[in-house]
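Participant: In the working numbering, the protein residues as written are 83 to 399. Beta carbons: idealized from backbone N, C-alpha and C, even for Gly. First the structure, then my questions, so here it is.
See the structure below:
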């Protein structure tokens, strides 16, 4: 039994991660408001929740003032495209979503007295000189590069969250999310997991940027949602930032190998130029998450990728 039924807002709730979070919160018995402008989110991600009596969809852009007329116990701010292809296509909009969106969410939280969580990103570490990355690391970001609209936008949003805490006493939580994958990623998402799987299933060449030795750490979406819920429910004294990601690091060649095995594809691997400012290494130190949240991922890369391949296989039939 729940101690309390909470009224919860999820901005970006129609997206890949947001839809999984909305689903989990509803299963836990809460009242959930999903706010999304559906620029990158999809109604298909949440259609199965439409008949739920405690689920409400608000089609709205987070960069516009949030006058919802409901008081919330918790707010998860997930609004912003995470794919480099998408967020670089309209960089000014990306900055506005991160910065003005954060201000609007924080103002709503202040008026509601809500606990508010910012979905920040490992991208705030840039192309890191420290490995693995700890939360105390200030990062190595190019502030005028093509990725800066997202990297610096998220860094500014973190600043705003901590300033609202210091100035207004707001109960904040900041999660630095590392690469997340799973069902409901978009077919043209532009991130490496979906790219590789779709290319393999369609028997197109798998495109590796650079030499394939650059690394990432991939966290299955169910594990990530667990971490977010644990974080927002943690004591007020723990604000973060906290890394949420899988510390198992693999290179792009290994990821391509896993995808080819699971899809039984005949696709060949091809190589292309590495994009500007693309990080060479990415792996979270999750010591803080273990200590304060009792959280660590449980889904292996092989199991998670198998589930993700199954999803895309069904989608492409």
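Mind pulling the beta strand (DSSP E) runs of 3 or more residues that sit fully within the stretch 151-230?
Facilitator: 156-159 and 197-203
Participant: So, helix, strand or coil for residue 299, using DSSP?
Facilitator: Position 217 of the chain shown, counted from the start, is the residue given in the question as residue 299. Strand.
Participant: With DSSP as the reference, identify every bridge partner of residue 257, one or two as the case may be.
Facilitator: Walking along the chain shown from the start, residue 257 turns up at place 175. 201 and 324.
Participant: Shortest alpha-carbon distance to residue 163 belongs to which of 231, 388 and 257?
Facilitator: As a first step, residue 163 must be located in the chain shown, where it is residue number 81. Ranking 231, 388 and 257 by Cα distance to residue 163 puts 231 first.
Participant: Which value, in whole angstroms, describes the spacing of the CA atoms of residue 344 and residue 350?
Facilitator: Locating residue 344 in the chain shown gives position 262, counting from the first residue. Locating residue 350 in the chain shown gives position 268, counting from the first residue. For residue 344 and residue 350, the distance between alpha carbons rounds to 15 Å.
Participant: Spatial neighbours of residue 206 within its chain, please: C-beta separation below 8 Å, excluding the five flanking residues on both sides.
Facilitator: Residue numbering aside, residue 206 sits at position 124 when the chain shown is read from its first letter. For residue 206, where only same-chain residues beyond five positions count, the Cβ hits under 8 Å are 221, 223, 233, 236, 237, 240 and 258.
Participant: Does DSSP put residue 369 in a helix, a strand or coil?
Facilitator: If you number the chain shown from 1, residue 369 lands on position 287. Of the three classes helix, strand and coil, the one that applies to residue 369 here is helix, per DSSP.
Participant: For residue 354, write down the residues that DSSP places opposite it in a beta bridge.
Facilitator: Taking the chain shown and counting its residues from 1, one reaches residue 354 at position 272. When beta bridges are read from the DSSP output, residue 354 appears opposite 291.
Participant: DSSP three-state call for residue 240: helix, strand or coil?
Facilitator: The residue labelled residue 240 in the question sits at position 158 within the chain shown. Of the three classes helix, strand and coil, the one that applies to residue 240 here is helix, per DSSP.
Participant: Run through DSSP, which three-state label would residue 305 get?
Facilitator: Along the chain shown, one-based indexing puts residue 305 at 223. Note: residue 305 maps to helix in three-state DSSP.
Participant: Could you pull the DSSP bridge partners for residue 104 from this structure?
Facilitator: In the chain shown, counting from the first residue as 1, residue 104 sits at position 22. DSSP, once it has assigned bridges, lists no residue as partnering residue 104.
Participant: Of the choices 242, 118, 395 and 307, whose alpha-carbon is the least far from that of residue 181?
Facilitator: If you number the chain shown from 1, residue 181 lands on position 99. Residue 181 has its Cα closest to that of 242, out of 242, 118, 395 and 307.
Participant: Quick check on residue 120: does DSSP put it in helix, strand or coil?
Facilitator: Counted from its first residue, the chain shown places residue 120 at position 38. DSSP places residue 120 in coil when its eight states are reduced to three.
Participant: Are three or more beta carbon pairs between the stretch 280-289 and the stretch 164-171 nearer than 8 Å?
Facilitator: Contact fails: fewer than three Cβ-Cβ distances are below 8 Å.
Participant: CB-CB under 6 Å to residue 372, same chain, minus the five flanking residues each way: which ones, in chain order?
Facilitator: Within the chain shown, numbered from 1, the residue matching residue 372 stands at position 290. Excluding residues within five positions, the ones whose Cβ falls inside 6 Å are 378.
Participant: State the Cα-Cα distance for the pair residue 386 and residue 299, rounded to the nearest angstrom.
Facilitator: The residue labelled residue 386 in the question sits at position 304 within the chain shown. The residue labelled residue 299 in the question sits at position 217 within the chain shown. Whole-angstrom Cα-Cα distance: 13 Å.
Participant: Okay, do the stretch 306-322 and the stretch 351-364 touch, 3+ Cβ pairs below 8 Å being the bar?
Facilitator: no
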